[in-house]
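Heads up, the thing below is written out as structure tokens.
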Amino acid sequence: TADDSWEWLLHIWNGSDETWNPTDASIYEIDIGLDTHLAWIASNANLSMMPPGVDCNGRGWVMGTGTSAHCMCDDGWDRGSDDWMSCVPEGSTEVNDGNLTDPHEESLGEYEIGHSTVTFIIDKEQRKRVAYSGIHWDVGDFLQDVKALAEE
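Counting in this note's numbering, the sequence shown runs from 401 upward without gaps.
If you want it as structure tokens, here you go:
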């Protein structure tokens, strides 16, 4: 929980300059859309250490960690031939000749793979309170849950 030395500040991801920008707007005043990315960040946090608001050029999600990290790209998109952390339109790059290690193939033996995701909404005590599974859930319901927890 916050104390006198810091507080939670709402930030919005700015895709143009790829930074988290603080906002004075109330969460109730922000229009939430498919490209809206929000984060509550401690006022004393180093913003350069925050993960980006969009992974894989906004066309996928990151699977794995460290040297096994790589993008799982949306339909119609592929990982770049030299950059496994980006997604490019299918057919826009030449197929790699096999000289680079595929982190997806390398990671398959390391752990069980689940291509599903769970989004947790945490409360002020950092406890997981609400879970949304998959990627197709109602944004309005999600925002209502965030607002309800913010008011507790």
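Heads up, the beta-carbon is just placed ideally off N, CA and C, and yes, glycines get one too.
Predicted model only: the values in this text are computed from it and were never measured.
Exposure label - residue i; buried when at least 16 CB within 10 Å
i      : result
His536 : exposed
Tyr527 : It is worth fixing the name first, because residue 527 is Arg in this sequence and not Tyr. Classification of Arg527: exposed, given that the 10 Å Cβ count is below 16.
Trp406 : exposed
Met449 : exposed
Gly491 : exposed
According to DSSP, residues forming a beta bridge with residue i
i      : result
Tyr532 : Thr519
Arg479 : Cys487
Lys414 : Here residue 414 turns out to be Asn, not Lys, going by the sequence shown. Partner(s): Thr419.
Leu434 : According to DSSP, which records beta bridges pairwise, Leu434 is partnered with nothing at all.
Three-state secondary structure assigned by DSSP to residue i
i      : result
Val546 : helix
Trp420 : strand
Asn446 : coil
Val454 : coil
Gly540 : helix
Limits of the unbroken beta strand (DSSP E) element including residue i
i      : result
Cys487 : Cys487 to Pro489
Leu438 : Leu438 to Ala442
Gly464 : Gly464 -> no beta strand (DSSP E), and no H or E assigned at all.
For residue j and residue i, believed in contact at Cβ under 8 Å, the rounded distance
i      : j      : result
Leu438 : His411 : 7 Å
Gly480 : Val454 : So it is not a contact: roughly 16 Å between Cβ atoms.
Ile432 : Val539 : 6 Å
Arg459 : Cys487 : 4 Å
Trp440 : Trp408 : 5 Å
Lys547 : Ile427 : 6 Å
Ala531 : Phe520 : 5 Å
Met472 : Met463 : 5 Å
Glu429 : Pro452 : Going by Cβ atoms, the distance from Glu429 to Pro452 rounds to 24 Å, so no, they are not a contact pair.
Trp420 : Leu447 : 5 Å
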